[in-house]
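First up is the structure itself, then whatever we jot down about it.
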Amino acid sequence: MGAEEVPSAFFSSDVVDNAELSDTALVAAIRKALASAQCEDTDHYNQLVQLMYIKKESADDDVDVVAQRETLLKILSRSVACLDEVHHKRLLQLIFGTRIWDHIPNVNVMYALLDLIVSLATTSGKYLIYCLDMLVSNLRSHPHKLNSSKMLEVLSRVHAALDKISCLVPIAPSKLLPILALRMPSLYEKDHLQVVAPYVENLLKLENSSIGKVIGNGILRMVMERLRDLDLEIGWDDILQDDSSIAMFDMELDVEGTMNEGEEFPVRSLNKNGNVVSELFDDLMVLSFKHLESCQDAGRLDEVFENLFESFENLILNTQKLKVSQFLMFYACSLDTENCGVKFASKLLDIYLSSKNPQVTRTNAVAYLASYLARAEFLPASFVASMLKRLVGECADYCRQCNHDASPEAHQVFYSGCQAILHVFCFRMSSILNVPHFQSQLIPLESVLSHKLDPLRVCLPSVVSQFLYQAKASGLFIVLDAFILDELSKSELSRALGGFFPFDRCLLKNSNRYISRVKRTYDEDDDQEFSPEVTVYGDTDCEDNVVLDNEVNKMSITPKHSFMHETERLLKMPSKIRPSTCPRESL
613 MGAEEVPSAF
623 FSSDVVDNAE
633 LSDTALVAAI
643 RKALASAQCE
653 DTDHYNQLVQ
663 LMYIKKESAD
673 DDVDVVAQRE
683 TLLKILSRSV
693 ACLDEVHHKR
703 LLQLIFGTRI
713 WDHIPNVNVM
723 YALLDLIVSL
733 ATTSGKYLIY
743 CLDMLVSNLR
753 SHPHKLNSSK
763 MLEVLSRVHA
773 ALDKISCLVP
783 IAPSKLLPIL
793 ALRMPSLYEK
803 DHLQVVAPYV
813 ENLLKLENSS
823 IGKVIGNGIL
833 RMVMERLRDL
843 DLEIGWDDIL
853 QDDSSIAMFD
863 MELDVEGTMN
873 EGEEFPVRSL
883 NKNGNVVSEL
893 FDDLMVLSFK
903 HLESCQDAGR
913 LDEVFENLFE
923 SFENLILNTQ
933 KLKVSQFLMF
943 YACSLDTENC
953 GVKFASKLLD
963 IYLSSKNPQV
973 TRTNAVAYLA
983 SYLARAEFLP
993 ASFVASMLKR
1003 LVGECADYCR
1013 QCNHDASPEA
1023 HQVFYSGCQA
1033 ILHVFCFRMS
1043 SILNVPHFQS
1053 QLIPLESVLS
1063 HKLDPLRVCL
1073 PSVVSQFLYQ
1083 AKASGLFIVL
1093 DAFILDELSK
1103 SELSRALGGF
1113 FPFDRCLLKN
1123 SNRYISRVKR
1133 TYDEDDDQEF
1143 SPEVTVYGDT
1153 DCEDNVVLDN
1163 EVNKMSITPK
1173 HSFMHETERL
1183 LKMPSKIRPS
1193 TCPRESL
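Listed below in structure tokens is the structure:
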């Protein structure tokens, strides 16, 4: 039977499964209906649109309806060249507006629909963006109570369709990236808490696919940006736990600027679902950690790290009040110490040493570096010592060349470097002093600390006190014997330097499980583990050696009061304190 002989009954509700029509006749009939859209007589086309609409809305448990829908979609896939974006606008809108999830459990219909989308995307470039957007929208709109196996089946098919389109159309990944960004759930969307985690998980799957080789950098930036936004959305009250081991320690209170008498501390308005948001944030961090592990298993973590650091530098480094999102970098470094772990420290140091960078960027970079070197037990002491040597050398050079008459604020980069050195020593003194020949390389540090710029009186008193105790106990310097601890005071500049040590503690419950299980990866025969036992000299309540509280290995910013008798009066904290969360702002 030829195309011209197709009966008018073709456009009835049971036409697609009409046994009297061959496949060729069905294709010809539908193409004729498509062609009629450009004529005055559009009845056949209108019936076709209505048929498509009915098929979309029909019940999935009707076998005949399912078969009709599948057949229609397959025929349209073979007739893509006959579609016109102007004359067939209504039909195309129906196709691109179809939810793949509406066709579960009828997987054959789902396959036919995805084949049609792939055909549209690869046959004509004018449909490419519509097809990509349709697929991406289905990555974030799935039913939340769907059986997990069915959900995985649908998602795997959507990812396969995206991958196929990207392979057949080279420009597809670059067109896909802005669509992914546009479809990222907003913090202010009604169902944001339900859709953001699945969407981010799908983004990470794309990053780990062939598509990620082209736009992986952009995908990681989107994920990092969302982590940052959620980090800023929650407050410490939303994530601090009752467990004292991860909650509150004696810390420096970071005050942003000065306040007039009677003013209250500024408090960021929190999402009314603060605890729910923190749980979501925790889930996203865990997803990101798992993604990094999969990248490590696939041997591509080094490549991912470069993209991750770029996002860190652009989105995290100079952002204030971040609490947890920076630990993504920390965990990546722990998975590949020799490459990523070393690179992260080196890149931070390079940022600090570059005079081309803004002052605030340099001071934040060295704060990150100090906290990283202090907390990253997976780094060998020899490497930490090499970083300290470069920092000491930079500070010593600055002392020789600086203008001593300039205001203290002009030396903020120098003071931040000095404070970084002291902070690392507070945690790694014992191990790095055991590095062969390292102590002789520290001779310039004594001249730096005794220089007329007087960094010991500018850096945070808590850091200085702990450093002096350990330095004296280790016999590191002689000239420091003359330094009087009681004269320590917190200057305006030390307030500007702040107590920003971003890798002190990871306070999100599930995320902390990943961070806390990070172990040293270097040979213990080469580097000894930091020991918290330090002999304290000076006026003490007993003649026996005082063993530092074990909390020093867990301290957030400052050591416990129990071993700081001489400076106790300087470290009286308010009744309510929170960890410091603010990178320094330029003066």
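Plus 612 on top of the position in the sequence shown (first one is 1) and you've got my numbering.
No residue lacks a Cβ here, since even glycine has one placed at the ideal position from N, Cα and C.
Computed from a prediction, not measured in an experiment: that's the story for all the values here.
Euclidean distance between Cα positions of residue i and residue j
| i | j | result |
| --- | --- | --- |
| alanine 793 | serine 994 | 43 Å |
| leucine 789 | lysine 935 | 28 Å |
| serine 900 | glycine 1029 | 31 Å |
| isoleucine 928 | alanine 679 | 53 Å |
| glutamate 915 | valine 826 | 12 Å |
| methionine 836 | phenylalanine 924 | 8 Å |
| arginine 643 | methionine 897 | 51 Å |
| histidine 804 | proline 797 | 6 Å |
| leucine 1034 | tryptophan 848 | 27 Å |
| glycine 1005 | cysteine 1014 | 14 Å |
| arginine 833 | leucine 815 | 11 Å |
| leucine 818 | isoleucine 777 | 13 Å |
| valine 996 | histidine 715 | 57 Å |
| leucine 724 | arginine 769 | Note that residue 724 is alanine in the sequence shown, not leucine. C-alpha separation (whole angstroms): 11 Å. |
| serine 822 | cysteine 779 | 8 Å |
| tyrosine 800 | leucine 767 | 25 Å |
| leucine 842 | alanine 809 | 12 Å |
| methionine 999 | glutamate 922 | 21 Å |
| proline 992 | leucine 947 | 14 Å |
| leucine 985 | alanine 1032 | 9 Å |
| methionine 763 | tyrosine 1081 | 59 Å |
| aspartate 1009 | glutamate 905 | 41 Å |
Extent of the continuous alpha helix (DSSP H) run through residue i
| i | result |
| --- | --- |
| glutamate 1058 | 1055 to 1061 |
| histidine 1035 | 1024 to 1045 |
| serine 994 | 993 to 1013 |
| alanine 957 | 954 to 965 |
| asparagine 718 | Counting along the chain, asparagine 718 falls outside any alpha helix (DSSP H), and DSSP gives it neither H nor E. |
| lysine 553 | Nothing about residue 553 can be reported from this structure: the residues present for the chain run from 613 to 1199 only. |
| threonine 654 | Neither: threonine 654 is in no alpha helix (DSSP H) and is coded neither H nor E. |
| serine 1123 | 1121 to 1128 |
| glutamine 1078 | 1073 to 1085 |
| alanine 637 | 635 to 647 |
Proximal residues to residue i (C-beta, below 6 Å), its chain only, five neighbours per side dropped
| i | result |
| --- | --- |
| valine 692 | Ser731, Leu732, Thr735 |
| serine 786 | none |
| threonine 654 | Ser648 |
| alanine 977 | Leu960, Ile963, Tyr964 |
Three-way DSSP call (helix, strand, coil) for residue i in this model
| i | result |
| --- | --- |
| cysteine 945 | helix |
| glycine 830 | helix |
| proline 970 | coil |
| serine 691 | coil |
| valine 835 | helix |
| alanine 988 | coil |
| phenylalanine 1175 | Annotation note: pLDDT 31 at phenylalanine 1175 (below 50); position unreliable, coordinate value reported separately. DSSP places phenylalanine 1175 in helix when its eight states are reduced to three. |
| proline 1114 | coil |
| proline 1048 | coil |
| glycine 869 | Note that glycine 869 has pLDDT 32, beneath the 50 cutoff, so the model's placement of it is unreliable and the number below is only indicative. In this structure, glycine 869 counts as coil in the three-state DSSP scheme. |
Neighbourhood of residue i by C-beta distance below 7 Å, restricted to the same chain and skipping five residues each side
| i | result |
| --- | --- |
| methionine 746 | Phe708, Ile729 |
| lysine 738 | Glu697 |
| cysteine 952 | Leu913, Asp914, Phe917, Ala944, Cys945 |
| alanine 773 | Leu726, Ile729, Val730, Leu747 |
| valine 690 | In the sequence on display, residue 690 carries arginine and not valine. Excluding residues within five positions, the ones whose Cβ falls inside 7 Å are Val639. |
| histidine 1023 | Cys1014, Leu1065 |
| valine 812 | Val835, Arg838, Leu896, Leu899 |
| phenylalanine 1050 | Ala997, Ile1044 |
| glutamate 682 | Asn720, Val721, Ala724 |
Cβ-based neighbour list, residue i, same chain, cut-off 8 Å, excluding 5 preceding and 5 following
| i | result |
| --- | --- |
| phenylalanine 939 | Met897, Phe1115, Cys1118, Ser1123, Ile1127 |
| glutamate 765 | Val719 |
| serine 760 | none |
| leucine 685 | Val721, Ala724, Leu725, Asp727, Leu728 |
Q: Write down every uninterrupted run of the alpha helix (DSSP H) in the region 769 to 823 whose length is 4 residues or greater and which is fully enclosed by it, in chain order.
A: 784 to 795, 804 to 819
Q.
Report the start-end ranges of each beta strand (DSSP E) in the region 727 to 755 that is 3 residues or longer and not cut off at the edges.
A. none
Q. Where are the alpha helix (DSSP H) runs, 4 residues long or more, that stay fully inside the region 874 to 943, in chain order?
A. Fully enclosed alpha helix (DSSP H) runs of 4 or longer: 886 to 909, 913 to 923.
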